[in-house]
Amino acid sequence: TKTISKCYVQVTGMTCASCVANIERNLRREDGIHSILVALMAGKAEVRYNPAVIHPSAIAELIRELGFGATVMENCGEGDGILELVVRGMTCASCIHKIESTLMKTNGVLYCSVALATNKAHIKYDPEIIGPRDVIQVIKDLGFTTSLVKKDRSASHLDHKQEIRQWKRSFVVSLVFCIPVMGLMIYMMVMDSQLSDAHAHHNMSSEEMEARHSSMVLEYQLLPGLSVMNFLSFLLCVPVQMFGGWYFYIQAYKALKHKTANMDVLIVLATSIAFVYSFVILLVAMAEKAKANPVTFFDTPPMLFVFISLGRWLEHVAKGKTSEALARLISLQATEATIVTLGPDNVLLSEEQVDVELVQRGDIVKVIPGGKFPVDGRVIEGHSMVDESLITGEAMPVTKKPGNTVIAGSINQNGALLISATHVGADTTLSQIVKLVEEAQTSKAPIQQFADKLSGYFVPSIVAVSVVTLFAWIIIGFVDFEIVEKYFLGYNKSISAAEVIIRFAFQASITVLCIACPCSLGLA
């Protein structure tokens, strides 16, 4: 039978459901990985794997290659206690062998590996039999100094502040340049409609019409083929493409490097093609010294970037709120505990301050008035009132006397208590609640899984449709030019039919690409 181990990987840089789908899809293909479940909110991936084939560090590396940040979380073993220590004083391979062989002989140690390069020891033990302090003592007796690897208790990985800041900046940049572009557009539309009304009522000759049209300020040509409107739009579009779209470009590049297509790829494709096409058309018009101004798409990129970066920004704000609740829960946990040694008749012999991770089952812990209970336990001695509102919501303090159970994270009020630890580390009520909240965010609704799957196919299909549109119109145009003429109003009679067809085909295909961009709305 294959042994299956479970590890947790901390993943950063996931923005939406398709990132999750991307990681899950790519990792399932790897050898030795049985299943993977990724939590977007908790920023956590739970991987079941075959340790004979693959190691957790290799799994984290696979995720890193997809363009996300990943670190293996050492503190999430279920059932078995996991201990990570920094061991100082090791000089050579024989030291390692000495530590490993001694620990493996120790009753209750299930697994142990020591790395000389990093000075780290990784130990799995059975908390029923042995505890972290005993393990540390064994290593100390061999003549090495050792200490716990400090865990990050602040839940800083749940912090979305940086992403919120960067999307906000992206949105503001796009918005500042988008408003004038929209203004220009609306102005042109209004003017156009007034002109066509005038044309309808007064039966102006088309020459007069042209004259009126070119007299409009925005249509005035700075250089032959370059109107004020197009020049202004171009100027406003460049900074948006550069600064507003910066993060989209980075994400899209990472996705393409791994042959996956996500939303960012589509957005970058649409905006870049629209921008480059418009720019080229302008250059062509200037080279031709065209009388009529070409139709450009400079208004598209700023508006797309505005809507989508606004969406991303709001999404991260919402995620930040949920994650904040988790971070608050985590911050309720005590960090240190006072462990006491009792003589006969419960006489205090000695007491020492230790990290909460070092408390073992069966330890006697002293909790002073105003202190937090570091672990779940049972009262041995002392009477006190305890505020357990963090779990029960009950504002009134609860009386505790010997034999009563206490909950980690609750606050002792007026008397000192001695408690015997029953649940420590990841087994305390509070840790379990944190775990439940994280798991609730991990598990996906079936419809959500379906949407994730769709988003994987969506982008390539849109790009395909757009390309088909391009070639279809080119073919239609060369077969029957009248159709193109019917739909492509106001094209310049002075350019060749072939060029008209190609311009029209490009306009059609760019439109397809741009319209599909806010697809996240469609998927939602």
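Per the working numbering, the sequence shown starts with residue 1, numbered consecutively.
The beta carbon of each residue, even a glycine, is placed where N, CA and C say it ideally should be.
Since the model is a prediction, treat every value here as computed from it, not as a measurement.
Boundaries of the alpha helix (DSSP H) in which residue i is found, first to last residue
i: residue 54; result: Element bounds for residue 54: n/a, residue is neither H nor E.
i: residue 145; result: It is not in any alpha helix (DSSP H) - residue 145 instead sits in the beta strand (DSSP E) that spans 145-148.
i: residue 278; result: 263-288
i: residue 375; result: That residue, residue 375, is in no alpha helix (DSSP H); it is neither H nor E in DSSP.
i: residue 331; result: 300-331
i: residue 500; result: 497-515
i: residue 394; result: Counting along the chain, residue 394 falls outside any alpha helix (DSSP H), and DSSP gives it neither H nor E.
i: residue 587; result: This structure does not reach residue 587, given that the chain is present from 1 up to 524, and the question cannot be answered.
i: residue 525; result: The structure shown does not extend to residue 525, since the chain spans only 1 to 524, so no value can be given for it.
i: residue 483; result: 481-487
Proximity to residue i [Cα-Cα], best of the options
i: residue 432; options: 10, 375, 292, 365; result: 375
i: residue 136; options: 184, 301, 85; result: 85
i: residue 150; options: 311, 478, 336; result: 336
i: residue 125; options: 239, 118, 90, 113; result: 113
i: residue 275; options: 292, 296, 286; result: 296
i: residue 286; options: 222, 175, 134; result: 222
i: residue 34; options: 459, 447, 5, 144; result: 5
i: residue 171; options: 314, 138, 414, 50; result: 314
i: residue 425; options: 191, 414, 407, 412; result: 407
i: residue 30; options: 58, 10, 399, 11; result: 58
i: residue 105; options: 323, 130, 119, 12; result: 130
i: residue 418; options: 430, 369, 461, 466; result: 369
i: residue 310; options: 470, 167, 140, 3; result: 167
i: residue 389; options: 143, 98, 430, 382; result: 430
i: residue 437; options: 359, 323, 485, 470; result: 323
i: residue 134; options: 186, 83, 49, 231; result: 83
Start and end residues, beta strand (DSSP E) containing residue i
i: residue 14; result: Neither: residue 14 is in no beta strand (DSSP E) and is coded neither H nor E.
i: residue 358; result: It is not in any beta strand (DSSP E) - residue 358 carries neither H nor E in the DSSP assignment.
i: residue 112; result: 109-115
i: residue 258; result: Per DSSP, residue 258 belongs to no beta strand (DSSP E) and is neither H nor E.
i: residue 419; result: 417-423
i: residue 221; result: 221-223
In DSSP terms, what residue i is bridged to
i: residue 82; result: 124
i: residue 525; result: The shown model of the chain, from 1 to 524, leaves out residue 525, and the question about it has no answer.
i: residue 385; result: 399
i: residue 74; result: Note: residue 74 sits in no beta bridge, so no partner.
i: residue 338; result: 353, 366
i: residue 169; result: Residue 169 pairs with nothing; no bridge assigned.
i: residue 405; result: 378
i: residue 87; result: 146
i: residue 236; result: DSSP output for residue 236 lists no bridge partner at all.
i: residue 140; result: None, per the DSSP bridge assignment.
i: residue 412; result: 386
i: residue 69; result: 12
i: residue 227; result: 221
Nonlocal neighbours in the same chain, by C-beta distance under 7 angstroms from residue i, ignoring five residues either side
i: residue 511; result: none
i: residue 420; result: 362, 364, 377, 378, 380
i: residue 267; result: 248, 304, 308, 517
i: residue 145; result: 88, 89
i: residue 243; result: 173
i: residue 387; result: 397, 410, 411, 413
i: residue 277; result: 297, 506, 510
Own chain, CB closer than 6 angstroms to residue i, minus 5 neighbours either side, in chain order
i: residue 349; result: 341, 343
i: residue 77; result: Residue placement at residue 77 is flagged as unreliable, the pLDDT there being 49, under the threshold of 50; a coordinate-derived value is accordingly withheld.
i: residue 260; result: 22
i: residue 423; result: 376
i: residue 464; result: none
i: residue 306; result: 174, 175, 178
i: residue 109; result: 103, 125
i: residue 254; result: 67
Proximity of residue i and residue j at Cβ, strictly below 7 angstroms
i: residue 56; j: residue 72; result: yes
i: residue 160; j: residue 44; result: no
i: residue 70; j: residue 60; result: yes
i: residue 459; j: residue 265; result: yes
i: residue 351; j: residue 338; result: yes
i: residue 302; j: residue 177; result: yes
i: residue 483; j: residue 476; result: yes
i: residue 514; j: residue 270; result: yes
i: residue 372; j: residue 334; result: yes
i: residue 415; j: residue 384; result: yes
i: residue 148; j: residue 427; result: no
i: residue 481; j: residue 498; result: no
Residues of its chain near residue i, where Cβ-Cβ distance is below 8 angstroms and the 5 sequence neighbours each way are ignored
i: residue 8; result: 44, 45, 46, 47, 72, 73, 76
i: residue 92; result: 116
i: residue 26; result: 62, 66, 258, 260
i: residue 229; result: 184, 188, 218, 219, 293
i: residue 11; result: 23, 38, 43, 44, 45, 63, 68, 69, 70
Within-7 angstroms CB hit, residue i to chain C
i: residue 309; result: Annotation note: the requested chain C is absent from the structure, which comprises a single protein chain.
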